[in-house]
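Just so we're aligned, residue 3 is where the sequence shown starts under UniProt numbering, counting upward by one.
Heads up, the beta-carbon is just placed ideally off N, CA and C, and yes, glycines get one too.
Keep in mind the model is a prediction, meaning the values are calculated, not measured.
Working notes, structure below.
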Amino acid sequence: KPMNVCVLVGSLRKASFNRTLANALISLAPSSLKLEIVEIGQLPLYNEDLDIDPPADWTAFRQRVKGADAVLFVTPEYNRSVPAALKNALDVGSRPYGSSVWDRKPGAIVSGSPGAIGAFGANHHLRQSLVFLNVPAMQQPEAYVGRLDKLFDEHGNIASEGTGKFLQGFMQAFASWIEAVRSRE
Ligand code: FNR
Numbered sequence: 003k004p005m006n007v008c009v010l011v012g013s014l015r016k017a018s019f020n021r022t023l024a025n026a027l028i029s030l031a032p033s034s035l036k037l038e039i040v041e042i043g044q045l046p047l048y049n050e051d052l053d054i055d056p057p058a059d060w061t062a063f064r065q066r067v068k069g070a071d072a073v074l075f076v077t078p079e080y081n082r083s084v085p086a087a088l089k090n091a092l093d094v095g096s097r098p099y100g101s102s103v104w105d106r107k108p109g110a111i112v113s114g115s116p117g118a119i120g121a122f123g124a125n126h127h128l129r130q131s132l133v134f135l136n137v138p139a140m141q142q143p144e145a146y147v148g149r150l151d152k153l154f155d156e157h158g159n160i161a162s163e164g165t166g167k168f169l170q171g172f173m174q175a176f177a178s179w180i181e182a183v184r185s186r187e
């Protein structure tokens, strides 16, 4: 039975390069993984007052992530950090206290930017939260995708053979990582 993986994209814009990248990663993944983008743009900003009677979008998101075997983050960098929409999704999923949906969920991060350093800052700020949230995040290989605006052909496929191979290897490593984390439970 394939493993069910939520893909969270840190950009909300329609023509997002990171969303294109997420879709490319989905097609490069081994058949042992069933990946699906889970939307985060509709989630109201986390406010503890609302958790007395949580918004339906929070509940749906929490249930969706809770039911998944793993989570893949594909994110740009905003001002050297994690975009607010993605941080909000982490916060929403982490509450109410004691029922976080992230706990022990295997994860991996791919960060991407048109810039040269591949959203390194976002990638590592995200890791900081994942340490606290107890998401075992794959450490190697790392994926910082620079020049992301130049990566795709007109169909959204990865135009560089080298990068395509690298990302395919990344997804295979992620599949092995999920198996390894799951088998120690
Ligand atoms: C950016 N961008 C950006 N890029 C980067 O490499 N480091 C950064 O710190 C920032 N900061 C930043 C802040 C804000 C508010 C915006 C809107 C943009 C540029 C960013 O990488 C570029 O817009 C990407 O195209 C965003 O990813 P998507 O939307 O194409 O997936």
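Rounding to the nearest angstrom, what Cα-Cα distance links residue i and residue j in this structure?
i: residue 64; j: residue 31; result: 24 Å
i: residue 148; j: residue 40; result: 24 Å
i: residue 164; j: residue 154; result: 13 Å
i: residue 167; j: residue 29; result: 12 Å
i: residue 142; j: residue 171; result: 11 Å
Where does residue i sit, in a helix, a strand or coil, going by DSSP?
i: residue 119; result: coil
i: residue 74; result: strand
i: residue 5; result: strand
i: residue 36; result: strand
i: residue 83; result: strand
i: residue 23; result: helix
i: residue 45; result: coil
i: residue 14; result: coil
i: residue 50; result: helix
Return yes when the Cβ of residue j is within less than 8 Å of the Cβ of residue i, no when it is not.
i: residue 84; j: residue 12; result: yes
i: residue 175; j: residue 139; result: no
Run the Cβ filter for me: residues under 5 Å from any heavy atom of ligand 1, listed in the order they occur in the chain. 13, 15, 18, 19, 20, 78, 79, 80, 81, 82, 115, 117
Threshold first: 3 residues or longer. Then list the beta strand (DSSP E) segments lying entirely within the stretch 95–179, N to C. 109–114
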